[in-house]
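K.L.:
In this text, residue positions in the sequence shown follow our numbering: the first is 1, and each later residue adds one.
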Amino acid sequence: MNGFSWLIEGEIGGMARPGHDADRLWKWLAEQGIGLVVSLTESAPDKDAMARHNIESLHIPVPDFTAPRQEDIRRFIEHARFHRHERHAICVHCGAGIGRTGTMLACYLVSQGESASQAILRVRQARPGSVETEEQEAAVRRFAESLTGEQRPRGGKSAQGK
């Protein structure tokens, strides 16, 4: 539905912008266990419609074909961590569900310990065409470089692995 696919089954996925039958989409996403929808489009979806299905909305407007700002990536990661702690799955969307969405999905993987390169490759395998621009790739790399060993539990450099 709406090009939705899981990046990590039951944990986080991505899709394209909701269409004319958004209420049906919110219902379907809620049935999949989605508790947070992150919208990267410049216009926000209807929060009230999502709330009727017990879905929280996080709107981070990012212009098409650009990368999210580092502070917006960190804001997304904070919300994602909270919802994962509460056992809610997450859905990220932009216009087509590949550029901005792929960038945030890759940053999520980086926050879980994957390298920027691994994360971008994994997202592209799950959602072909993702992370469309050099600026978006660079944003994922900058985010990875900003994390300390404590924030990168797997695959990253840690105090124990030195």
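Here a beta-carbon is modelled for each residue, glycine too, at the ideal position from N, C-alpha and C.
Since the structure is predicted, the reported quantities are computational estimates derived from the model, not experimental observations.
1. By the three-class DSSP mapping on this structure, what secondary structure does ILE73 have?
2. Since GLY102 and THR133 are thought to touch, with beta carbons under 8 Å apart, how far apart are those beta carbons, to the nearest angstrom?
3. Distance, Cα to Cα, MET50 vs ALA144?
4. Which residue or residues does DSSP assign as beta-bridge partners of CYS91?
5. How far does the beta strand (DSSP E) with GLU56 in it reach, from first residue to last?
6. Within a Cβ cutoff of 6 Å, which residues of the same chain sit near VAL62, ignoring the five residues on either side of it in sequence?
7. Where does ILE120 fall in DSSP's three states?
8. Quick check on the DSSP output: the beta strand (DSSP E) that includes ASN111 runs from which residue to which?
9. In the DSSP assignment, find the beta strand (DSSP E) that holds LEU7 and state where it starts and stops.
P.N.:
This is what the structure holds:
1. Helix.
2. About 10 Å separates the beta carbons of GLY102 and THR133, which is beyond the 8 Å limit, so they are not a contact pair.
3. The alpha-carbon atoms of MET50 and ALA144 are separated by roughly 31 Å.
4. Paired residue(s): GLY13 and VAL37.
5. Per DSSP, the unbroken beta strand (DSSP E) holding GLU56 starts and ends at 56–59.
6. Taking VAL62 as the centre and dropping the five residues before and after it, the same chain places the C-beta of LEU40, PRO68 and ARG100 closer than 6 Å to its C-beta, in chain order.
7. Correct three-state label for ILE120: helix.
8. Note that residue 111 is Ser in the sequence shown here, rather than Asn. SER111 -> not in any beta strand (DSSP E); alpha helix (DSSP H) instead, spanning 99–111.
9. In the DSSP assignment, LEU7 falls within the beta strand (DSSP E) that extends over 5–8.
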